[in-house]
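Each residue of the sequence shown is one higher than the one before, starting from 500 at the first, in this note's numbering.
Note that the Cβ used here is the ideal one computed from N, Cα and C, for glycine as well.
All values derive from a computational prediction rather than experimental measurement.
First comes the structure, then the notes that go with it.
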Amino acid sequence: MPIRILAIESSCDETAAAICVDGAILSNVVATQEVHRNFGGVVPELASRAHMQHVVPVVEQAILKASLSLQQIDAIAYTQSPGLIGSLLVGGQFAKSLSLALHKPLIAVHHMQAHVLANLIEYPSLSFPFLCLTVSGGHTQLVKCESPTDMTVIGETIDDAAGEAFDKTAKLLGLPYPGGPLIDQYAQKGNAARFVFPEPQIADLDFSFSGLKTSILYFLQNAGKSHAYHPEWIASTAEQQAFIQENLEDLCASIQERIVSILLRKLKKAVVTTGIKQIALAGGVAANSGLRRGIEDMAKRYGYHYTIPSLPYCTDNAAMIAITGYHKFLAQQFASLETPSSARAT
Ligand code: KG4
Ligand code: ZN
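Below, the structure written as structure tokens:
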């Protein structure tokens, strides 16, 4: 009998649902919340309300696209942690209601584990163990993955995530939220060697990005001849704005170059430390063209094998929750209706 999983993702600002049958994704529907654009970041209260509006139509579409009925579903998987608690509760309570109404088991999924397993969607025969660099707006982790249900975090950021580093420096350049994709876009036409930003010296396999943001802030202030420090600084004088305008492509290319080099240096260190040469990339920042190219080059140079999910499986989506749900189903790892949602990783 095939195993059919309905998955719901609602950890941040995307309401998503997907259907997976025996590990193959039949539908993957995402409703992006545009409401946050004007606020420079995700507003938790607005995100919860938007999930309430989107969850029913998104689940209906996922079922319809997979040409299934709700009654044919064998289990319901949902994102249980980590994320915005109000957002998690909407998807979680909806999944529990379905589980109760349909008398089908419930599967609680860890969002970060799901980002890693997104690699199995297009590479189902990916061999274990592998190392995954998971880079998103909220997390930056190096994960040693022994099996779909056995993962260990061997390094992570001690302050900002890589996505935050992109978004916060983009904000300094006056770019709208989320600035990561825009930095990527401008960087393609820029000279990455033009400005050299410092690389933090952090021990072991951990990362740090907050110092980079501060050094870029000081650099821009000096370039614009202003020394007034403010944590929420944005280019305010005509000179500062003109400097950014004239150098935007080179600034973006140089910032991206530094963020990518920090990530790749630790990934290479993780390969050397563990001896595992199968590497994977995951999370929204995996969409970054400089990072994708960097991984390819590194793999070719040192003889590593690598996988990078295609873009819809890098950013937040429910297909990754579904594939994780499928493997948890095989391992008979079910959740009770009392399982609490958790903002923090548990
Ligand atoms: O995984 P994700 O979709 O959501 C979280 O769970 O956080 O990641 C979103 C992050 C944002 O910080 C966004 O700016 C970044 O991924 N991002 C990018 C690119 N596309 C998305 N950063 C750099 N270059 C990109 N092309
Ligand atoms: Zn994510």
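Host alpha helix (DSSP H) of residue i (start-end)
i           : result
residue 685 : 679 to 686
residue 527 : No alpha helix (DSSP H) holds residue 527; the beta strand (DSSP E) holding it covers 523 to 531.
residue 701 : First-last for residue 701: undefined, no H or E at that position.
residue 579 : Counting along the chain, residue 579 falls outside any alpha helix (DSSP H), though it belongs to the beta strand (DSSP E) covering 574 to 580.
residue 779 : Counting along the chain, residue 779 falls outside any alpha helix (DSSP H), though it belongs to the beta strand (DSSP E) covering 777 to 781.
residue 759 : 737 to 773
residue 795 : 788 to 801
residue 823 : 818 to 829
residue 812 : 810 to 813
Residue i, DSSP secondary structure in three states
i           : result
residue 636 : coil
residue 717 : helix
residue 555 : helix
residue 547 : helix
residue 503 : strand
residue 561 : helix
residue 694 : coil
residue 834 : strand
residue 538 : helix
Assigned exposure category for residue i - 16 Cβ within 10 Å defines buried
i           : result
residue 816 : buried
residue 554 : buried
residue 802 : exposed
residue 586 : buried
residue 649 : exposed
residue 747 : buried
residue 764 : exposed
residue 770 : buried
residue 507 : buried
residue 819 : buried
residue 517 : buried
residue 527 : buried
residue 646 : exposed
residue 624 : exposed
residue 808 : buried
residue 627 : exposed
Residue of the options minimising C-alpha distance to residue i
i           : options            : result
residue 693 : 675, 829, 749, 663 : 749
residue 622 : 778, 592, 720      : 778
residue 814 : 674, 545, 611      : 611
residue 743 : 721, 558, 840      : 721
residue 658 : 797, 675, 629, 699 : 699
residue 718 : 697, 550, 737, 684 : 697
residue 558 : 533, 546, 514      : 514
residue 768 : 686, 643, 708      : 643
residue 577 : 571, 568, 591      : 591
residue 616 : 606, 600, 633, 605 : 633
residue 844 : 705, 598, 608, 713 : 608
residue 663 : 630, 638, 653      : 638
residue 524 : 502, 538, 653, 582 : 502
residue 667 : 689, 714, 706, 705 : 714
residue 604 : 593, 583, 575, 581 : 575
residue 505 : 796, 530, 799, 601 : 601
residue 785 : 540, 736, 683      : 683
residue 780 : 832, 766, 598, 840 : 766
Where the beta strand (DSSP E) containing residue i begins and where it ends
i           : result
residue 804 : 804 to 806
residue 514 : 513 to 520
- Task: Please specify which runs of the alpha helix (DSSP H), each continuous and at least 4 residues long, are wholly inside the segment 585 to 671, giving them in chain order.
- Result: DSSP runs (the alpha helix (DSSP H)) wholly in the segment 585 to 671: 610 to 616, 618 to 621, 661 to 671.
- Task: Name all residues in chain order for which at least one heavy atom of ligand 3 lies closer than 5 Å to the residue's CB.
- Result: Of the ligands this structure carries, namely ligand 1 and ligand 2, none is ligand 3.
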